[in-house]
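Novice: Protein chains in written order, with this note's numbering: chain P, 48 to 511; chain X, 48 to 511. Built from N, CA and C at the ideal position, the CB exists for glycine as well. Quick caveat, the model's predicted, so the values are computed rather than measured.
Protein chains: 2
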Amino acid sequence: MLQTREFSPLTDDLITQIKGIVGAENCSTAQAQRELHSKDQSMFPPALPDVVVWVESTEQVSDILKLANTHRIPVTPWGVGTSLEGNPMAIHGGILMSFQKMADVVAVHADDFQVTVQPGIGYKDLNEALARHGLFFPPDPGANATIGGMIANNAAGIRTVKYGATRDNVLSLQVVLADGRILQMGSRSVKQSSGYDLVHLIIGSEGTLGIVTEATLKLAPIAEHKIAVQAVFETVAQAVETVVAVRGSGLDPVALEFIDTHMARMMNSSPQVDLAERPQLFMEFHATHEDALNQTIDFITEICSEIGATKLHATADTKERANLWYARHHAFESFQRTHPGKRAYLNDVAVPISVYPELIAFIHNLRETGPLPAYMLGHAGDGNIHVIFPFGDDEEYKQASDMNAQVVEKAISIGGTATGEHGVGIGKSRFMATEHGEALDVMWAIKQTLDPNGILNPGKIFRD
Amino acid sequence: MLQTREFSPLTDDLITQIKGIVGAENCSTAQAQRELHSKDQSMFPPALPDVVVWVESTEQVSDILKLANTHRIPVTPWGVGTSLEGNPMAIHGGILMSFQKMADVVAVHADDFQVTVQPGIGYKDLNEALARHGLFFPPDPGANATIGGMIANNAAGIRTVKYGATRDNVLSLQVVLADGRILQMGSRSVKQSSGYDLVHLIIGSEGTLGIVTEATLKLAPIAEHKIAVQAVFETVAQAVETVVAVRGSGLDPVALEFIDTHMARMMNSSPQVDLAERPQLFMEFHATHEDALNQTIDFITEICSEIGATKLHATADTKERANLWYARHHAFESFQRTHPGKRAYLNDVAVPISVYPELIAFIHNLRETGPLPAYMLGHAGDGNIHVIFPFGDDEEYKQASDMNAQVVEKAISIGGTATGEHGVGIGKSRFMATEHGEALDVMWAIKQTLDPNGILNPGKIFRD
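(1) Just verifying my parser: in three-state terms, what is the DSSP assignment at Q277(P)?
(2) Determine the direct distance from the alpha carbon of R214(X) to that of N201(X), and round the result to whole angstroms.
(3) Mind checking if V162(X) is an interface residue toward chain P, Cβ cutoff 8 Å exclusive?
(4) Compare the C-alpha of V276(P) against each of V237(P), L256(P), E324(P) and I350(P) and name the closest.
(5) Along chain P, in chain order, which residues have C-beta atoms closer than 7 Å to that of A486(X)?
(6) In whole angstroms, what is the alpha-carbon distance linking P387(P) and T255(P)?
(7) By Cβ distance below 6 Å, which residues in the same chain neighbour G470(X) in space, the five residues on each side in sequence not counted?
(8) Under a CB-based cut-off of 8 Å, is S401(X) close to chain P?
(9) From H180(X), H139(X), K209(X) and T362(X), pick the residue whose C-alpha is nearest to that of P186(X); which is it?
(10) Does the beta-carbon distance from I502(X) to N116(X) come in below 8 Å?
(11) Does N500(X) get closer than 8 Å to chain P when you measure Cβ to Cβ?
(12) Between E415(X), L328(X) and M136(X), which lies nearest to M90(X) when the distance is taken from Cα to Cα?
(13) Under 7 Å, CB to CB, which of the residues in the segment 316-336 of chain P have a partner in chain C?
(14) Where do the ends of the alpha helix (DSSP H) carrying Q383(X) lie?
(15) Does any residue of chain X have a CB that is nearer than 8 Å to the CB of S89(P)?
(16) Of all the CB atoms in chain P, is at least one closer than 8 Å to the CB of E53(X)?
(17) Can you check whether the CB of V100(P) is closer than 8 Å to the CB of L143(P)?
(18) List the residues that DSSP assigns as beta-bridge partners of T362(P).
(19) First and last residue of the alpha helix (DSSP H) that includes V291(P)?
(20) Where does I407(X) fall in DSSP's three states?
(21) Can you tell me whether L61(X) is helix, strand or coil according to DSSP?
(22) Who are the near neighbours of L298(P) in its chain, counting only those whose CB is closer than 7 Å to its CB and skipping five residues on each side?
(23) What are the partner residues of Q221(X), as DSSP defines its beta bridges?
(24) If we define contact as Cβ-Cβ less than 8 Å, is I344(X) a contact residue for chain P?
(25) To the nearest whole angstrom, what separates the beta carbons of E380(X) and S317(X), a pair I think is in contact under 8 Å?
(26) For the 8 Å Cβ check, are there 3 or more pairs between the segment 433-443 of chain P and the segment 388-401 of chain P?
(27) Does DSSP put R414(X) in a helix, a strand or coil?
(28) Among K389(X), K171(X) and S448(X), whose alpha-carbon lies nearest the alpha-carbon of T129(X)?
(29) Distance check for V402(P) and I461(P), CA to CA, integer angstroms please.
(30) Along chain P, which residues have their Cβ under 7 Å away from the Cβ of Y493(X)?
(31) Does the distance from the C-beta atom of T105(X) to that of V223(X) stay below 8 Å?
(32) Between K445(X) and F382(X), what straight-line distance do the alpha-carbon atoms span, to the nearest angstrom?
(33) In chain X, which residues lie less than 9 Å from V471(P) when you measure between Cβ atoms?
(34) Decide yes or no for the touch test of the segment 53-65 of chain X against the segment 491-499 of chain P: beta carbon pairs closer than 8 Å, at least 3 of them.
(35) In the DSSP assignment, find the unbroken alpha helix (DSSP H) run with N451(P) in it and report its ends.
(36) Counting only the same chain and skipping the five closest in sequence on each side, list residues whose C-beta sits under 7 Å from that of G181(X).
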């Protein structure tokens, strides 16, 4: 599946027309701005857009797209650049469309546990604004990603095991198509069985089918009572057995994170962190009543002990809980400390939980025999694992890329996917044919139907 | 959005070719079989297919579709005929494709809380087979619908408030396209962010984009401890206020059903049923520990009493619980008893919960001023309501259809949808343009891309 396209250069006349749409102050060809928007947090080399455009309304997005579609100029939407697979990088140049100035909360529908927002708002900022309503938007990819970016990538994170990914928490979208048509998809009704599910077609399409300009999201009530649990095991198999047991217990964990021995050792490079250097699980549980929490602690203690946890620490204390999660949230800082001057090639695959031990064993073996170190941490409750390969020069980059490919191919071969939550972007497009077979042709047919000139975020999902 | 197509008649030669594919015993043009497959449980007049074909494998489905696509013969998939909007009725004749003989459990993945099935299996039969694993497939539309039909319609039901609709419980699909291509969509990984979400494009597409031949479903652990709660109120407003309060409490109800005064009165026609004839809620909660249930009872009692429940009954007793749900599950039998000789025109709309009182008040007023009685029961936790209009002759059918249209248009006008869980089928296609605007054009463009000859379940979703 190769994309073919012919793009036109951005002429001075077109720049003038763009300025006419968004205002001169919202259109920049300055080198500094282009560089600032040339790269996300992935491991790929920067790509300069020709122009950075800050849109301020859906109508502006529509007008820019009409112009770009007529003249065959690539348009790449940009949230805040926290994505990890090059998803918002303008690798074919053209227009980088920033949503920094479309970052409002449009309406809080507290009784409906819903909020309508513009795509440029960060989810952490959104959750801060929602706190006084006792509500929050559950998906939490980590860095303060924008809602637009999260929708584009179907971002997930630590709380997905209970609350689902972004895909599970969006009710309706306003979307601008490549030809400038403005569509409403879905509705604020939580139950919908009315025609094709365009909302879910757009979620995870990485800006290649249309550009989201407004979204209504599902919210959840903030839990009053929380406990964090750390359980350390002798073997990875025991840790994963515990994951399955907890998932089957009905305990409904909010987080169920796996950390391997090497990762724990790396995390210990933080002065505040003192983890056992063994395979371990970090868990979190919420409840409406304090008594329920105590029962949960009893139950989880029973499960972990039976499987052979060598250390178990459960706490409802807010400070202790924060300390435990500190290590997880600062994993990438401990990477910098352990491998100064190196960068992280970050892998993201997911498999059915029953073959998680097989995947972990494969990665373990790859580390033992491969040219680079490898660190594992993952959302085990979802069968999702991230492997971090440190690289310095081009040779190590290639080695990391090769090791990444081996992990991806293993995951696909045992019923998993090339990407659980980072999206396809640049890095995973080479695995799409293997994973999807002829279904990739159908994806491409839909792409051609909605964006016949291929102007929307070219070079992503489908191979160039 | 009008469908245009030219279909060809089913010649003797084509029937011979069909028999060559599925065997003579799996192909019938007998009047009795055609009549048996001419109508679902909806209020629409029967439509005779030209031939009933029982497929036994994905390859047979593919071969039949290749033949039908080449010769432009309509193909309408059929589960067991429990749908409520004419969704599986062959209104353009042609081939009625029954999945009665593709009803196997392919594989139980107990550790993954997943099962892979053929589409012809009934969800109640599936859940019986899964019970020994302590697992179940949560969506429960009521009648023993097939999994294929549930996927086609995105069926939901009573437990959706906790577990989601069918849409939320499917991981991967095998789908045969109109041209016979056999595709795999999605994977068994619960986390997927790999390309376009074709699985959700197919779910709810009512067999108009492709035919599902295998599905991997998410399962949930069967809860050990359950309570049922009945709460009676003076006013509908109080009942709905309670719905919002329960949803915000974090109590995570499994069911949250609303029954209006007239419906309660009708249900009382069953000898076993003795309901207060007031607006009321039926609720169910599950827990892993018995103590947790007692806390839930205390909490729900507090909420309902504060809002002014005049009667409150909470029970963990299995028999009492079954008695309570008996009334709900036998609603349609009580209809037959109350309106002998009449049929039910069944409405299905859903709105954001905050405007649920407005919708209920509208329906109440419609009943007071309209020509026909109207009964309300609904999945209040989801903002979903069903209104039942009894009709006898053509005149009353037209009146019921008009009253239905008024409810649908009201729901759409306040941010809701024409159908929460029954699908579009025949009856709701006339509201699609109002609800979706230009997004309907995009649905149509996708339909044309995947089924250019329009052979798949013609006359559904899009207007003839």
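Specialist: Answer, in terms of the structure:
(1) Looking at Q277(P) - three-state DSSP - the assignment turns out to be strand.
(2) 6 Å
(3) no
(4) When each option's Cα is compared against that of V276(P), the closest is I350(P).
(5) Residues of chain P with a Cβ closer than 7 Å to the Cβ of A486(X) are, in chain order, L230, Q231, M232 and L245.
(6) 36 Å
(7) E132, N134, N200 and E253
(8) yes
(9) K209(X)
(10) Against a cut-off of 8 Å, the Cβ pair of N116(X) and I502(X) comes out as a contact.
(11) no
(12) If we check each option's Cα against that of M90(X), M136(X) comes out closest.
(13) Protein chains P and X are contained in the structure displayed, whereas chain C is not.
(14) A378 to T385
(15) no
(16) So, not an interface residue.
(17) The criterion of a C-beta distance shorter than 8 Å is satisfied by L143(P) and V100(P).
(18) A275(P)
(19) V283 to G295
(20) helix
(21) helix
(22) Around L298(P), the same chain offers F332, T343, F346 and I347 as residues with beta carbons nearer than 7 Å, after the five sequence neighbours per side are excluded.
(23) Q231(X) and E261(X)
(24) Chain P places no beta carbon closer than 8 Å to that of I344(X), leaving this residue out of the contacts.
(25) 7 Å
(26) yes
(27) helix
(28) That would be K171(X), whose Cα lies nearest to the Cα of T129(X).
(29) 7 Å
(30) What sits at residue 493(X) in the sequence shown is Ile, not Tyr. Here the neighbours are Y243, I493 and T496.
(31) yes
(32) 20 Å
(33) Chain order gives the chain X residues near V471(P) as S240, S241 and G242, where near means a beta carbon separation below 9 Å.
(34) no
(35) D441 to S460
(36) P268 and I269
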